[in-house]
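Have a look at the structure below, then the notes.
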Amino acid sequence: MDEQMMMQPDEVQASPEEEALLAQAIEVALDVIHDPGKVGDNIAGMVLNAQDVTKGIGQAVATVLITVEKKMQIPEDMQLALGQEITAELCELAIEAGALSGDELNEQMLDAIVSHATSQYLELKEAVGELDAGQLQAGVQQAQGMFGGAKQNPTPPQGGGLLQRHAR
Numbered sequence: 714m715d716e717q718m719m720m721q722p723d724e725v726q727a728s729p730e731e732e733a734l735l736a737q738a739i740e741v742a743l744d745v746i747h748d749p750g751k752v753g754d755n756i757a758g759m760v761l762n763a764q765d766v767t768k769g770i771g772q773a774v775a776t777v778l779i780t781v782e783k784k785m786q787i788p789e790d791m792q793l794a795l796g797q798e799i800t801a802e803l804c805e806l807a808i809e810a811g812a813l814s815g816d817e818l819n820e821q822m823l824d825a826i827v828s829h830a831t832s833q834y835l836e837l838k839e840a841v842g843e844l845d846a847g848q849l850q851a852g853v854q855q856a857q858g859m860f861g862g863a864k865q866n867p868t869p870p871q872g873g874g875l876l877q878r879h880a881r
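In our numbering, the protein residues as written are 714 to 881.
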């Protein structure tokens with residue numbers, strides 16, 4: 714199917730520069746995921762050692778996305794596309810590793826993964842003081858639209874951030 718036909722009605726065609734930047738960000742994300750050292754092992758462990766694979770994949774997606782953001786500047790409008798690519802890669806790897814069956818991967822599971830990834834991402838951003846409430850609401854609405862209108866709203870971070878709550 715033609716790529717333009719698959720676009721959502723409210724999507725905007727990316728410029729060649731934006732496509733190149735997204736391709737570069739995806740390459741960095743794949744390098745993080747497939748890192749042969751401690752980083753790659755930590756990402757795999759998040760998925761393989763989680764009691765709930767949707768939470769494990771969500772945590773890994775958020776961690777990879779933030780790691781990529783630290784390595785390069787990613788415009789906000791590209792973060793969701795990058796998140797989709799990271800999610801797809803991690804789900805594929807989870808299936809290959811036997812942590813997830815291909816039959817289990819459906820829209821409901823993807824909604825749960827996106828919800829967990831969003832919550833984890835926001836908690837990590839809050840913990841380092843990079844959370845903007847206006848961006849939060851816009852991002853949640855955009856994510857719901859891109860991921861088929863996720864019916865679950867991500868749990869907003871509770872006061873103090875994840876790291877600060879554990880330090881209490």
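Think of the CB as a built atom: it goes at the ideal place given N, C-alpha and C, for glycine as much as any other residue.
Note that the coordinates shown come from a computational prediction; the quantities given were computed from them, not determined experimentally.
>> So Leu766 and Leu813 are supposed to be a Cβ contact under 8 Å. How far apart are they, rounded?
In response: Reading the sequence shown from its first residue, position 53 is the one you call residue 766. Reading the sequence shown from its first residue, position 100 is the one you call residue 813. What sits at residue 766 in the sequence shown is Val, not Leu. Confirmed, Cβ separation roughly 5 Å.
> Within 8 Å: the Cβ of Val741 and any heavy atom of the ligand GTP?
Replying inline: The ligand GTP is not part of this structure, which contains no ligands at all.
> Cα-Cα, which of Met785, Ile756, Lys783, Gln786 is closest to Gln772?
Replying inline: By one-based count along the sequence shown, residue 772 stands at place 59. The candidate whose alpha carbon is nearest that of Gln772 is Ile756.
> Taking the alpha-carbon positions, what's the Glu731 to Ala794 distance?
Replying inline: On the sequence shown, residue 731 is found 18 positions in, with the first residue counted as 1. On the sequence shown, residue 794 is found 81 positions in, with the first residue counted as 1. Rounded to the nearest angstrom, the two C-alpha atoms are 11 Å apart.
>> Buried or exposed, going by whether 16 or more other CB atoms sit within 10 Å of the CB of Glu740?
In response: Along the sequence shown, one-based indexing puts residue 740 at 27. Its Cβ having fewer than 16 others within 10 Å, Glu740 is exposed.
> Would you call Glu798 buried or exposed, if buried means 16 or more other Cβ atoms sit within 10 Å of its Cβ?
Replying inline: Sequence index remark: in the sequence shown, residue 798 carries index 85 (1-based). By the 10 Å Cβ count, Glu798 comes out buried.
>> My output table needs one value for Pro729: the three-state DSSP class, helix, strand or coil.
In response: Taking the sequence shown and counting its residues from 1, the one referred to as residue 729 is at position 16. Looking at Pro729 - three-state DSSP - the assignment turns out to be helix.
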